[in-house]
Amino acid sequence: MLLTGMMAAALGGCAGASEQSSGASDSARAEIVVADYPLQYVVEQLTDLPVANLTAPGVEPHDLELTPQQVRQVQEASLVVYQSGFQAAVDDAVAQVRPDGPSVDASASFEPLTTSDGVDPHFWLSPKNLIPVAQAVAAQLSDADSEAAKLQAFTDRMNKLDADLRDGLADCQRQTFVTTHAAFGYLARDYGLEQVAIAGLDPNNEPSAARLAEVRATAEKTGVTTIFYETLASDAVAKSLADDLGLATDVLDPVEGVTSASRGDDYAEIMEANLAALRKANGCR
Ligand SMILES: [Zn+2]
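Counting with the working numbering, you get residues 6 to 290 for the letters of the sequence shown.
See the structure below:
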């Protein structure tokens, strides 16, 4: 496997083709390694090559740690698709074990949104941000491994989702929504909404009492109907806040992983469910 990985690295963009022509070799065909679910979704829309996700389903991707076996996967992959600045362990592995191997850094493909917490990593929550990432991935795949039609179909799907969000959120009684962690900054920016997050960019950080008081005051002032929680993070704070204020709760999913609790089987379906939840909470026509 190591030899296969090194050959693939040496052959750069032709990694896919070299894997194919190696045919009956004793090692399995090298896989594409992705760092998290949104990137897995992009890659799987473009190719039938095997894809391995470093973030297991149901595991929250912030603060991911890699096992030695996963570092070896990064080394041996035909292509690595990751997002620098989001998961430090992946950044370190890429720098250490495949500094020159074929890789796509999604962070090179979108305009970063900066908050008081730092750069918001959740670029995928505005669907059109995924299109340049898909283009960068497709450019690394051989023609045999990704037909142009697949990139076109993916682009059409993301543009349709973008239009659905724009139309669906254009005429609402309220623009403010309250979420568990600050994952929806790109969505709020691109569709004219105001995000109020209980926790910051990382869901593992506990909100302070002062932050909770602020969120409570904003919720009362703006007349929100709903406190949103997530499928992969604790819903305890959201539910107790909603209880105190006499408000509803609902799921707004940052699509950081798909499980049986998700309201859809893939990114596009979950984003449509997010749109429906926002429309209901904000009284959109
Ligand atoms: Zn997040």
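In this text, a Cβ means the ideal position worked out from N, Cα and C, and glycines have one as well.
Query	Result
Could you name the residues that DSSP lists as bridge partners for residue 267?	For residue 267, which the question treats as bridged, DSSP gives no partner whatsoever.
With a CB to CB cut of under 8 angstroms and the five nearest residues on each side skipped, what residues in its chain are close to residue 78?	36, 38, 57 and 59
Count the other CB atoms within 10 Å of the CB of residue 259; is the residue buried (16 or more) or exposed (fewer)?	buried
I'd like to confirm the pairing. Which residues does DSSP put opposite residue 234 in its beta bridges?	256
Judging by CA-CA distance, which residue of 286, 221 and 270 is the nearest neighbour of residue 46?	270
Where DSSP assigns a beta bridge to residue 187, which residues make up the other side?	Looking at the DSSP assignment, residue 187 forms no beta bridge with any residue, so it has no partner.
Can you grab the Cα-Cα spacing for the pair residue 69 / residue 168, in whole Å?	33 angstroms
Quick one, are the C-beta atoms of residue 236 and residue 247 less than 8 angstroms apart?	no
Excluding the 5 residues preceding and the 5 following residue 134 in the sequence, name in chain order all residues of the same chain whose CB lies nearer than 7 angstroms to its CB.	115, 128 and 191
Give me the residue from 177, 103, 287 and 109 with the minimum Cα distance to residue 229.	287
Taking its Cβ as the centre, do 16 or more other Cβ atoms sit within 10 Å of residue 158, making it buried, or is it exposed?	exposed
For residue 113, tell me which candidate among 94, 121 and 136 has the shortest Cα-Cα distance.	136
Which same chain residues, not among the five before or five after residue 50, have their C-beta less than 6 angstroms away from its C-beta?	159
Go through its chain and collect everything with a Cβ distance to residue 212's Cβ below 6 angstroms, but skip five positions before and after it.	203 and 204
Quick check: is any heavy atom of ligand 1 less than 7 angstroms from the C-beta of residue 261?	yes
Thinking C-alpha only, which one of 75, 227 and 89 is nearest residue 181?	227
Is residue 188 near ligand 1, in the sense that its beta carbon is under 7 angstroms from a heavy atom of that ligand?	yes
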